[in-house]
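Below is one structure, written out as structure tokens; the observations come after it.
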Amino acid sequence: MRDVIELRWDPTLREWIMVSNVRERRPWQTSGQCPFCFKDRKAEEGKGEDVLILPNKYPMLVPTPPKPKKRHPFFRVRRSFGECKVIVETPSHDIEDLDQLPASTIAKVFKAVAKDMSSYSNVKWARYYLLFRNKGKEIGVSLIHPHSQVYILPYIPVKIKRELRSSEEYFKNTGACLFCNILRAEEEDGRRILVKSGSWSAFMPYYAHWPFEVHIYPRRHIQLLTELNSDELFELAKVIKSVLCGMNTVLNKSMPYMMVLHQAPLKGQYRSYHLHIEIYGALRPSGELKYLAGMEQGGGNFTFDSDPEENAVLLREAIKKCDGGPFESKKGD
Ligand code: ZN
Ligand code: ZN
Ligand code: FE
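Going by the numbering used here, the first residue of the sequence shown is number 1211, and it counts up by one from there.
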């Protein structure tokens, strides 16, 4: 099989497609040895006591990509500059989700990630640091050991581009931050607020796309993960624990989800942007998986098949029941 790793441009939707057939060889975890268990890794990589940041063995992007073949002058292609990494948050192989970790561990993970992110400020091709976490075999997670991922990209992802443009235009028209105003409106309305802390607020947005979608905004108007201080990171960890505990109990089964950090690009000034975290809980209140089908994939617009305010109430009640409610954890902290 020949190796193909390149970026192909879709001129109709104006977006890059990451093409890499090394992914086809990606193993699905059976009962064999876990590549993320710390025992051997630690000596091998020499990094981190509680958190491991490892190169993804089956990357979509690589730091020194081959020059792609031009197949037709009409079509644009680019080298796949980038990096894909795995963040192993804990040596514990068998925990179900991050809400079972102490908040201090989750905060440490963010610190390790922020440190890793800083190392890209001088890397020429690096434009965006996308941190995300997929959970659940329903949405294609191949290894059960808890982990997040990072893609360091040579372009700004489509969704971020849209958000940057919206916030720039909003700032031009009103002199205010779109995200600060969304947060204020959500708190004034209050019906979809899930967890509030001194420096963070978690809510199901008015315009939620997914049945159990949660956005977590810092009150401070900042753009990058590296700008968050230790107190803010620790508080964020507690908010995430509460939200995920709610997610995993609201329907009496483990919630498959995608969690992503939306922040400004690595270089340049994006003062009108406002960092936040988005979590897309993928089960409907009935317990069935929400599929992205014809409407979503073909038309690009989401359908929300229940009442957002009702889903928010369900989730808020579940969060309250999590071991004494927001900010009490199961173990430690
Ligand atoms: Zn493991
Ligand atoms: Zn703001
Ligand atoms: Fe966002």
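Backbone N, C-alpha and C fix where the C-beta goes; we use that ideal spot for every residue, glycine too.
Buried or exposed by the 16-neighbour rule on C-beta atoms within 10 Å, applied to residue i
| i | result |
| --- | --- |
| N1462 | exposed |
| Y1490 | buried |
| V1405 | buried |
| L1525 | buried |
| Y1427 | buried |
| G1256 | Any answer about G1256 is weak, because its pLDDT of 45 lies below 50 and its placement is not dependable; what the coordinates show is given next. Label assigned to G1256: exposed. |
| H1282 | exposed |
| A1253 | Confidence is the limiting factor: at A1253 the pLDDT is only 46, short of 50, which leaves the residue's position unreliable and the question unanswerable from this model. |
| T1300 | buried |
| A1503 | exposed |
| E1538 | Low confidence applies here, because E1538 scores a pLDDT of 44, under 50, leaving its location unreliable; read the following figure in that light. Burial call: exposed. |
| G1542 | Any reading at G1542 must be qualified, since the residue scores a pLDDT of 40, below 50, and its modelled position is unreliable; the value itself is stated next. Exposed is the call here. |
| D1309 | buried |
| A1492 | buried |
| F1284 | exposed |
| E1527 | exposed |
| D1326 | buried |
Beta strand (DSSP E) segment containing residue i, residue limits
| i | result |
| --- | --- |
| C1294 | E1293 to V1298 |
| F1422 | F1422 to P1428 |
| P1265 | L1262 to P1265 |
| D1220 | I1215 to D1220 |
| E1488 | H1486 to G1491 |
| Y1467 | Y1467 to H1472 |
| L1363 | S1358 to L1363 |
Which residues DSSP lists as bridging residue i, in chain order
| i | result |
| --- | --- |
| Q1479 | According to DSSP, Q1479 bridges with nothing at all. |
| G1346 | DSSP output for G1346 lists no bridge partner at all. |
| K1544 | The chain is shown from 1211 up to 1543; residue 1544 falls before or after that span and cannot be answered. |
| R1288 | L1217 |
| Y1339 | I1362 |
| S1230 | I1215 |
| V1272 | F1291 |
| E1498 | In DSSP, E1498 forms no bridge with anything. |
| E1551 | For the chain, the structure presents residues 1211 to 1543; residue 1551 sits outside this window and is missing. |
Residue-chain proximity (residue i, chain D), Cβ-Cβ < 8 Å
| i | result |
| --- | --- |
| Y1380 | In the structure shown, chain D does not exist; there is a single protein chain. |
From the options, residue whose alpha carbon lies closest to that of residue i
| i | options | result |
| --- | --- | --- |
| L1446 | I1316, G1478, E1423 and W1420 | I1316 |
| L1434 | S1302, L1393 and A1474 | A1474 |
| H1419 | L1217, S1352 and G1510 | G1510 |
| K1369 | E1488, V1214 and D1515 | E1488 |
| K1280 | T1274, N1332, I1529 and R1289 | R1289 |
| Q1507 | L1223, W1219, E1216 and L1217 | L1223 |
| L1485 | Y1467, Y1330, I1297 and L1471 | L1471 |
| G1346 | Y1467, P1367 and V1449 | Y1467 |
| P1278 | E1293, S1230, D1309 and V1360 | S1230 |
| L1353 | V1298, P1415 and D1220 | V1298 |
| Y1361 | P1221, K1295 and G1385 | K1295 |
| P1269 | Q1359, E1348, L1311 and R1337 | Q1359 |
| A1322 | G1350, F1291, L1264 and A1412 | L1264 |
| V1287 | M1228, D1517, A1522 and G1242 | M1228 |
Extent of the continuous alpha helix (DSSP H) to which residue i belongs
| i | result |
| --- | --- |
| E1437 | First-last for E1437: undefined, no H or E at that position. |
| E1398 | L1388 to D1399 |
| S1314 | A1313 to S1328 |
| P1518 | P1518 to K1531 |
| L1374 | V1368 to T1384 |
Proximity test, residue i beta-carbon vs ligand 5 heavy atom, cut-off 7 Å
| i | result |
| --- | --- |
| H1472 | The model depicted lacks ligand 5 and carries ligand 1, ligand 2 and ligand 3 instead. |
> Can you list every residue whose CB sits closer than 7 Å to some heavy atom of ligand 1, going in chain order?
Replying inline: Checking every Cβ against the heavy atoms of ligand 1 under 7 Å gives C1244, F1246, C1247, H1303 and H1355.
> Could you name the residues, in chain order, whose CB is less than 5 Å away from a heavy atom belonging to ligand 2?
Replying inline: For ligand 2, residues qualifying as neighbours are C1387, F1389, C1390, H1431 and H1484, where qualification means a beta carbon closer than 5 Å to at least one of its heavy atoms (chain order).
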